[in-house]
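Scroll down for the structure; my scribbles are underneath it.
Protein chains: 4
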Amino acid sequence: MSSKILQVGIVGATGYTGVELLRLLVGHEQVAIHVVTSNSEKDEAVSDVFPSLSGYLHLKFSEHDSPALTECDVVFFATPHATSMYKIPELLNANVRIIDLSADFRLQDAEQWQHWYGVEHAAPELLKRAVYGLPEINREQISEADLVANPGCYPTAVSLGLLPLLEEGVVDLNSLIADAKSGVSGAGRKAAMGSLFSETSETFKAYGVSGHRHLPEICQTLSLCSGQAVDITFVPHLVPMVRGIFATLYAHLQQTDIDVINIYTARYSNEPFVEVLPKGSQPDTRAVRGTNMCRIAVSQSQDSEKLVILSVIDNLVKGAAGQAIQNMNIMFGLDEVIGLNLPAIYP
Amino acid sequence: MSSKILQVGIVGATGYTGVELLRLLVGHEQVAIHVVTSNSEKDEAVSDVFPSLSGYLHLKFSEHDSPALTECDVVFFATPHATSMYKIPELLNANVRIIDLSADFRLQDAEQWQHWYGVEHAAPELLKRAVYGLPEINREQISEADLVANPGCYPTAVSLGLLPLLEEGVVDLNSLIADAKSGVSGAGRKAAMGSLFSETSETFKAYGVSGHRHLPEICQTLSLCSGQAVDITFVPHLVPMVRGIFATLYAHLQQTDIDVINIYTARYSNEPFVEVLPKGSQPDTRAVRGTNMCRIAVSQSQDSEKLVILSVIDNLVKGAAGQAIQNMNIMFGLDEVIGLNLPAIYP
Amino acid sequence: MSSKILQVGIVGATGYTGVELLRLLVGHEQVAIHVVTSNSEKDEAVSDVFPSLSGYLHLKFSEHDSPALTECDVVFFATPHATSMYKIPELLNANVRIIDLSADFRLQDAEQWQHWYGVEHAAPELLKRAVYGLPEINREQISEADLVANPGCYPTAVSLGLLPLLEEGVVDLNSLIADAKSGVSGAGRKAAMGSLFSETSETFKAYGVSGHRHLPEICQTLSLCSGQAVDITFVPHLVPMVRGIFATLYAHLQQTDIDVINIYTARYSNEPFVEVLPKGSQPDTRAVRGTNMCRIAVSQSQDSEKLVILSVIDNLVKGAAGQAIQNMNIMFGLDEVIGLNLPAIYP
Amino acid sequence: MSSKILQVGIVGATGYTGVELLRLLVGHEQVAIHVVTSNSEKDEAVSDVFPSLSGYLHLKFSEHDSPALTECDVVFFATPHATSMYKIPELLNANVRIIDLSADFRLQDAEQWQHWYGVEHAAPELLKRAVYGLPEINREQISEADLVANPGCYPTAVSLGLLPLLEEGVVDLNSLIADAKSGVSGAGRKAAMGSLFSETSETFKAYGVSGHRHLPEICQTLSLCSGQAVDITFVPHLVPMVRGIFATLYAHLQQTDIDVINIYTARYSNEPFVEVLPKGSQPDTRAVRGTNMCRIAVSQSQDSEKLVILSVIDNLVKGAAGQAIQNMNIMFGLDEVIGLNLPAIYP
C-alpha cells in the first residue's frame, strides 16, 4: 500500500454525488482534497453550501477551469452528462488520472451514446480507452486505467444481481426482467417540479418505461458477462425515499437442478462490497444506506425454473461516489475498503 | 334506483378498512349507518377514536355480538381473517346480506384456505355460495348475492391489470409476473414493530417472496378468466407511503401483431372505475388516492412479444372499502357510483 | 338560498391552491366552472395536467386574458403576488365579483404592502374596498363585498387561535408568540431546489425568523380584534409533510381566574368550520387534511397565567381554497358549507 | 491518552439507542465490545437482528444477567426506565463504571422521580453519586464519575440552547418557552400503534402538553445553571421524520443592549460538539443527523428584548448514544471526539 497522500480534485461538487464524494473523502486517510469546483457556487465556502461538512473541509469552490486540477493525482467528475468529455482529454494529457461519475464514457459505441444522450460525442477516441469501473468484473483493468467510467446506479444494482447467472450461462437470455426502484436523490440536486416533495411523497410511479438511458449500459455489461448479446426488460420506478436502489430481477433457468445460491456465494466470496444473503433473507435498502455494499438475495422455487433475485445498493454510494472511491483505491494500489468501511445508519 | 335508505352495519370498524368504510358511507345518500362494532373500543364514541369523523357520525361502538346487526339490510365485515366465518351464518339466516372484506370467503377451496390461513374453515358449505366481489367479472352474480367476498387489494390490482389478456387468450400463461408494491396501510392498524415509522420510512423492501396469501386468490381469479389453470410469479414490496398499490405486470404475447391497448380499452369501456390510459401515459398512485379508480397503462414494444402493464389502485378503496360499497350498490340496485365519485386529493 | 348555478372562473389554476379550488368546486352543486386560465399550460386539457381530475372536468386551460372571465359571476385569483392587482380593476368594472387568494389585497396599507412585497401597489385605491375574507370576523362585510382578500394560511391558523383572547382583552399583548409549522405544499408548485424531496424530507427547520410576509397580515388582524396595536413573535417552520399548518400559540393571561376554554367555546359555537376540542385533547393536522376545519385546543395550567393554544388547519383548504369557497358561499347567499362538508381521509 | 482497549458492555441493545451505540462503537478505535444483552433476542447474532451491522460485529446477544458484564471496564444501559436502577448497584460494586442512558438517575430527588415515573426508586442512595452527563456543564465531574446519568434528548437540546443565557443571568426567568419537535425514533423501537407509519407520516401533532417527563429534568439543569429555581413552558411535538430534535426557544432579555450571540460564541468556543452559527443562519436537523453536534442559532431583534434561539441535535446521538460515548471518552481520559468525528449524511 502506498503511503503517499493522494491529491484529489472534484469537478462539479455541488450535486448529490459530488457532496457524497466529499463526505466519504474527508474520512479517507490517504487522501487530501486539493480542489473542488462549481461554477454556480464559485468562491463560496464548501461548508456554507453544505453545512453537513462544517468542520471537516475548509476549501472554497473554484471554477471548473481551475488550473489546480492539473496538480491532482486524480480528478473525479461529478458533472451532468455531456460535460466531462470536453475537459478530460487535457487532464489526461497532464497525466491526471480520471474517474468520471457521469455517463460520458460508459458506452463504448459513440453512435449509441449519441442516440441516447442527444449530442455528438466530443472524444470518441477515448471510449475504448475508458475502463468501465465495476470492480467485480474489471478490477484488473481498473488498476491500470487512467480513465475510469464509473457505472450508473441502476446498472450497478442490476449487473451485480445478474452477472453470476450470465457468466455461468444458466438462464434463458430472452427471459430477463429488471423491475427497479430508486429513491428520489437519483434525480439529482436541481430545481425540477417533478422532484418536489409535494410531487413525490406519498405516491409511487414508473417512469421511462419506453426507454431509459441506463438500458444500453445494462445490456452492454450483461452482454460482456454472457459472451453474447443480451436484451432485458427494464422498468424503473420512483420511491418516496431519498436514497436507495432496489432491483427485483426475474429470470428463467434453463434447467431446474441448479443450486443458484451456491453460484452467487462462490462468485462473490472474495468481493468486499457484495454480500449474498442466506436463503430466505430479504434485503432492504436501509441496511445499505450510506454504505458501499450491494446485498443480494436469491429466491429459487423448488422444481421451478423461475428465479427471483433481489439486489440493493445505495444509489449515491455503490451506485456513484462509493464505487468511485473503490475504483480510486484500486487504481492507486490502496486497500480497496479504505474510506468505505462504515456501517449504515439505522434507523 | 331504490329510494329506501339502507340500514348498514359494520363489524370491526376500528381497522383502516373499517374507518374507510365509515368515511365513504357518511357521504352516501342512500345509506344510514345503523351499528358499528368494535370489541376494543366498545362504548367509545366513533368520533373520539377517529377525529376525522367528528361531526359526521354520532354513534358509539357496540360489541361484535350486538343484536342491532340483525336489523341491518347489509353488514360489512372488516375483521381480521378467521373471524367473520363464525358469525356470518347466523346473519345470513336472519336475512341480512353480507359483504365480507376479510379473506374468509375469497377462496372456493376449503383445504386451500386452511393451507394458507392455518385454521380449519368454519363454514365451508358457504364457500360456493359466496360470490367473489370483483364487479368487472361478476357484476351479475353480485347483484343477486347474499354473501359477497370482497377481493384482496393485491388481487384487485393484479386481476384488473391482466384479465383482458387472459380472457382473450393472447399471452403465454407461463410468462406472467406481478411485481407489486403496496403502501404501509396494507399492514393494518395494529401495533407491530415492522410497521413503525422508523422501520418503514426511507427504505424499500420485498416481503413474502416465498409465498403470500394473496397468491392463491390471484391464481383462482386469473384461472377463472383464462379457463385454464394459471400460475404467476408474485413478489410484493413495501413502499414508504400510506396508501396505494402499484402493480407492474409482465407477460409475453403469443404473437406480436396484436393491438393490446385496444383490447383493454374495449374490455373496460363501460366500467365506471377502470380507466385505461392513453398510449405513453404512466399512472401514479396519488391520482387514485382516496378514490375507487383503477388506472391501467399498457406498454407494448414494437415487434416484440414483451408486454408491461401498469395497474394502480388505492388499497383501502378499490382494494377494500370502496369496492365493498360498489358491491353494495350493485346488490341493492343502486347507481354503482353513489358515494364513490370524489376526485383524489392532490397534492 | 339561490338556486341559480354560479359561473365561476379561476385565474392561475396550475398552482396547488388553484387545483385545490378545482377539486372542491367540481363537487359543489351550485357551481359551474366556466373558465380556468394558465399561461404555462394554455390549451392543455385540465385533466391531462392534473389526472386526479380526470372524469370530473372537461375544460382546457385558457390564457389569463381570456374574455370568458368577464362572463363569470365570480373569479378566483390563485396567482403569485403582484399579479392580480393588475387585472382585478377591469373585472370589477365588468361587475364580476372577485376572491383573491393571493396577497395583493390583504394589507390595507399600500406602503406596508410595498415594503413586504417589493413592488409598488398597482391598485391602492382598492385596498380599503377589499374585505379581508376571514368569515369568523368579517362574515357580514363578506356577504356584500365585490372584492374579497382571502387570508394567508399562517394568518388563518394564528388569528383563529388567538382572536377570542384578544376580543376579550384577557391577555398581555406583549406576550404573544406564534410558533407555526407548515407542510411543504405551502411553498407552492414551482421548481425550487429548497422544496425538493431530497432537501425537505427527513429534516426539520425554521425559516423567515427575521421576518415573514405573513407577519404584518397577522398583526393587522390581531390589532383589529384587539382594538389596539398588537405585535407578535412569529417563527415559521417547515415540516416534512405535504399539507397542514400547526400553530402553537403562547400567551400570558392578565389574571389567572379566567376559564379560557369557555371563552373559545362560546366564541365559536356557531362557526361551522371551527371546532374547539374538549379539555385535554390535542389536535393533529391529519384530522383536518383536505377539509375546511380549524381545530383548536386550549391548554391552561392551574393557577398559572401561561396559556398554550394549538390551532390546526389544512393550509390548502381553510388556509386557501376552502376558505375562498366559504367566502363565495357567503357572498352569494348560499349555505356556507356547500362543497366543503367532506370528512378527512384517514390514514 | 490511554492506549488500553476498553472492554465495553451494553445492556438492552435492541432499542434504537442501543443499536446506535453499537454503530458508533464498532468504529471507535479504543473500544472492544465485550458483551451485548437482550432478553428478547438472546442467543441471536447481533447482525441477524441488525443487518446494518453485518460484517462489523460478530457477537450474539447474551441475557441481561450475563456475568460477562462484570468483566467490562464500562457498561452502558440502554434500557427502558425503571430497569437499570435494579442492576447498577451490583456492577458498581464490581468496579464497573456505568453510563446509564435511561432516566433512572437523571433526577436528583427520589420523590420527584417517583412522581414522574410511577414507581419507587430502587437505589435512591445513588442519586447524588450519579453525575448528570452533560459535558458542557459537568466535564470535570464526569471525568471522575463511576455512574453517569446520560441526559434525555429534549433536555440536551433545550439546556444547551438556554444555558449561556442563564449562566449570564440576562433573561427574565419567567419568560422561558421551549417549543420542541422530535422525530419518531424518540418513541423507541417497540410495537405501538401511535408510532406506526400510517399514524405518524403526513401529519404533525403536539403531545404531553400537560406534562412530559423531560420537564423536571430540564428545570433541574436550568436551575443549576441559573443558581435559582427556573420554570419553563415546554411543549413537545412529533415530526414525521426518524431522527432529530429541533428546539425553538423563546426568552425575554432583561435589557436590550446585550450582544447575545457573543455570549454564545464565547461560552461554546472550546466545545467540540456545540457550534454557534453566524448571524442570520438557521440550522436544520439534517445537518446533524448521525452526528454528535448541537448547532445553535441566535435571533435577536434590534431594540427588542425578545430572543429566539434555535437548537438542533440528533436525538439518538447527542441526545443519547453519542453523548454517552463522549462521556465515556471523558471518563477514561480519551480524546473526547474519538468515535464521533463523522460528517452527517446529506441528503
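Residue numbers (this note's numbering), protein chains in the order written: chain A, 1 to 347; chain B, 348 to 694; chain C, 695 to 1041; chain D, 1042 to 1388. Using N, Cα and C, we set each Cβ at its ideal position, and we do this for glycine too.
Using a cut-off of 8 Å between C-beta atoms, extract the partners of residue i located in chain D.
i: B/LYS537; result: MET1234
i: A/SER185; result: PRO1388
i: C/VAL825; result: Within 8 Å Cβ-Cβ: nothing; C/VAL825 doesn't reach chain D, min ~31 Å.
Which chain B residues sit within Cβ distance under 8 Å of residue i?
i: A/TYR207; result: GLN629
Which chain A residues sit within Cβ distance under 7 Å of residue i?
i: D/GLY1331; result: ILE345
So which of the options has the shortest CA-CA distance to residue i?
i: C/ASP997; options: C/VAL954, C/GLN976, C/MET779, C/ALA900; result: C/VAL954
i: D/ASP1187; options: D/GLN1269, D/GLU1085, D/GLY1059, D/GLY1174; result: D/GLY1174
i: C/HIS906; options: C/ASN1023, C/SER920, C/SER889, C/ALA881; result: C/ALA881
i: C/ARG980; options: C/THR894, C/ALA991, C/ILE1007, C/ILE699; result: C/ILE1007
i: D/ALA1247; options: D/LYS1222, D/HIS1255, D/GLN1269, D/GLU1104; result: D/LYS1222
i: A/GLU168; options: A/GLY194, A/SER185, A/GLY227; result: A/GLY227
i: B/SER658; options: B/ASP631, B/ASN674, B/ASP682, B/ASN676; result: B/ASP631
i: A/SER54; options: A/SER62, A/PRO343, A/GLU44; result: A/GLU44
i: C/LEU918; options: C/LYS884, C/LEU854, C/PRO934; result: C/LEU854
i: C/PRO934; options: C/SER732, C/SER895, C/THR985; result: C/SER895
i: B/LEU509; options: B/SER542, B/LEU596, B/THR638, B/SER490; result: B/LEU596
i: D/LEU1206; options: D/TYR1309, D/PRO1192, D/ARG1180, D/GLY1285; result: D/TYR1309
i: C/VAL864; options: C/CYS766, C/GLN948, C/GLY1033, C/TYR811; result: C/GLN948
i: B/GLY499; options: B/LEU473, B/GLN567, B/SER545, B/GLU437; result: B/GLN567
i: D/VAL1049; options: D/GLU1070, D/TYR1057, D/GLY1056; result: D/GLU1070
i: C/ILE871; options: D/GLU1131, D/LYS1347, D/PHE1146; result: D/LYS1347
Within 10 angstroms of the Cβ of residue i, are there 16 or more other Cβ atoms? Answer buried if so, exposed if not.
i: B/ARG476; result: exposed
i: C/MET695; result: Since pLDDT at C/MET695 reaches only 45, below the 50 mark, its modelled position is unreliable, and no value is offered.
i: A/GLU232; result: Per the sequence shown, the amino acid found at residue 232 of chain A is Ile instead of Glu. A/ILE232 is buried by the Cβ-count criterion.
Since residue i sits in a beta bridge, which residues does DSSP pair it with?
i: D/THR1274; result: D/ILE1218
i: C/HIS946; result: C/LYS1000
i: B/ARG642; result: B/GLU622, B/VAL659
i: D/GLY1050; result: D/VAL1076, D/VAL1116
i: C/LYS754; result: C/ALA739
i: A/ARG97; result: A/VAL74
i: A/ASP284; result: B/LYS552
i: B/LEU543; result: D/LEU1237
i: A/VAL148; result: A/ILE99, A/VAL131
Run down chain B in chain order and give the residues with a C-beta less than 7 Å from the C-beta of residue i.
i: A/PHE204; result: LYS528, VAL586, MET588, GLY591, PHE593, ASP631, THR632
Does the CB of residue i have a neighbour CB from chain E at under 7 Å?
i: A/ARG23; result: Protein chains in the displayed structure are A, B, C and D, and chain E is not among them.
For a contact defined as C-beta to C-beta under 8 Å, what are the partners of residue i on chain A?
i: D/LEU1383; result: GLY27, LEU342
i: B/SER413; result: Those within 8 Å of B/SER413 in chain A number zero; the least Cβ separation is about 36 Å.
Just the chain A side, please: which residues come within less than 9 Å of residue i by C-beta, in chain order?
i: C/PHE891; result: GLY183, VAL184, SER185, ALA187, SER195, LEU196, PHE197, SER198, GLU199, THR200, SER201, PRO240, MET241, VAL242
What residues from chain C crowd round residue i, counting only those whose CB sits closer than 7 Å?
i: D/ILE1218; result: ILE871, TYR944
i: B/GLU622; result: SER748
Quiz item: Listed from N- to C-terminal order along the chain, which residues in the stretch 1336-1358 of chain D have their beta-carbon within a distance smaller than 8 Å of any beta-carbon of chain A?
Solution: Per Cβ criterion, the list reads ARG1336.
Exercise. Report the residues of the stretch 1286-1303 of chain D with a CB closer than 7 Å to any CB of chain C, ordered along the chain.
Key: So the list reads PHE1287, THR1289, TYR1291, given in the order they occur along the chain.
Quiz item: Using a Cβ cut-off of 8 Å, which residues of the stretch 1073-1098 of chain D contact any Cβ in chain A, in chain order?
Solution: So the list reads PHE1091, PRO1092, SER1093, LEU1094, SER1095, GLY1096, TYR1097, given in the order they occur along the chain.
Self-check item: Residues, ordered as in the chain, of the stretch 348-368 of chain B that lie near chain D by beta-carbon distance below 8 Å
Solution: For the stretch 348-368 of chain B, the residues whose beta carbon sits under 8 Å from a beta carbon of chain D are, in order, TYR363.
Exercise. Report the residues of the stretch 219-236 of chain A with a CB closer than 7 Å to any CB of chain B, ordered along the chain.
Key: Per Cβ criterion, the list reads THR233, VAL235.
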